[in-house]
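Those letters in the sequence shown? Residues -21 to -1, 1 to 196, by mature numbering (1 follows the signal peptide of the UniProt record, and there is no 0).
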Amino acid sequence: MHASALVLGALLALAGSTVLADPASCRNGHFPASAGGFSLAEVSSERSHFFDDAEGCPQGAECRRKSYLVKGDQVLVAQQNDGWSCVWYQGARREFVGWMASADLRPLPPELPQQWLGDWQFYDNRLQISEGSDGALEVSGDAVWYGGINSFGDRVVHVGSLGGTGMVEDGHLLHIREGEDEYSCHARLRLLGQFLIVDDNGNCGGMNVRFDGVYQR
């Protein structure tokens, strides 16, 4: 990513409960909950711009952003619609999410998920994955949400936690459930290459606390 082209904001939209993302939406807050599945790809054209997901987009020159990727940059791909792919690019300091022309992308073969273990991070959220018994994986982690200043002059901080064990499904999917009722913390973890995509059901901590995000080690 060229520094002069970085214009996409990196604020994570917060949601109160897990919902599938609108297929027409392509932004970082909804990306982990995409209903379209995920895959890896790399940019095959010399330069490929990001496009907005506003009404009437991504078609049209007015939807094109200044930010772009170059040949060889790797992205996560979520839903695909009418020749457009919703992509996530992890920059050195923040992520960039938007529509990109599918013709500018070359699919990459899925990597074998041999690297679940370790410490994963998405901003101030952290997850630790270790070997459990009988082939299971143990997951523990903490999440935080920062609010404004309250009437006492203190920063509002809400925290959450996630913990449990699970078996990897289909080589790349892991479900963690702290209980079976609807009020228990449930999280879905999906491993693709160097990325760990996480979304939860909104019951893993205080108000506005979510583990949703794309984690890296």
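Built from N, CA and C at the ideal position, the CB exists for glycine as well.
Judged by pairs of C-beta atoms under 8 Å, the stretch 104 to 115 does not touch the stretch 51 to 69, as fewer than three such pairs exist. Here the alpha carbon of Gly51 sits roughly 12 Å from the alpha carbon of Tyr68. Taken through DSSP and simplified to helix, strand or coil, Asp103 comes out as coil. A direct Cα-Cα distance of roughly 9 Å separates Leu48 from Ser24.
8 Å or more divides the Cβ of Leu96 from the Cβ of Tyr194.
The three-state reading of DSSP puts Ser140 in strand, counting E and B together. In the assembly as shown, Pro86 is an exposed residue. Its beta-carbon has fewer than 16 other beta-carbons within 10 Å. By the Cβ-count criterion, Met186 is exposed, with fewer than 16 other Cβ atoms from all chains shown falling within 10 Å of its own Cβ. Ala33 and Arg44 have their C-alpha atoms some 12 Å from each other. Separation of Asn180 and Leu19 (C-alpha to C-alpha, rounded to the nearest whole angstrom) is 25 Å.
Relative to His137, the option among Gly8, Asp191 and Gly184 whose CA is nearest is Gly184.
For the options Trp63, Tyr125 and Glu148, the alpha carbon positioned closest to that of Asn104 is the one of Tyr125. Residue burial annotation: Pro37 is buried, with at least 16 other C-beta atoms found within 10 angstroms of its C-beta.
For the 8 Å CB-CB criterion, Val135 and Leu84 do not form a contact. For Pro11, same chain residues with a beta-carbon under 7 Å away, outside a window of 5 residues either side, are Ile176, Val177, Asp178, Asp191, Gly192 and Val193 in chain order. For Glu74, the secondary structure class from DSSP, reduced to helix, strand or coil, is strand.
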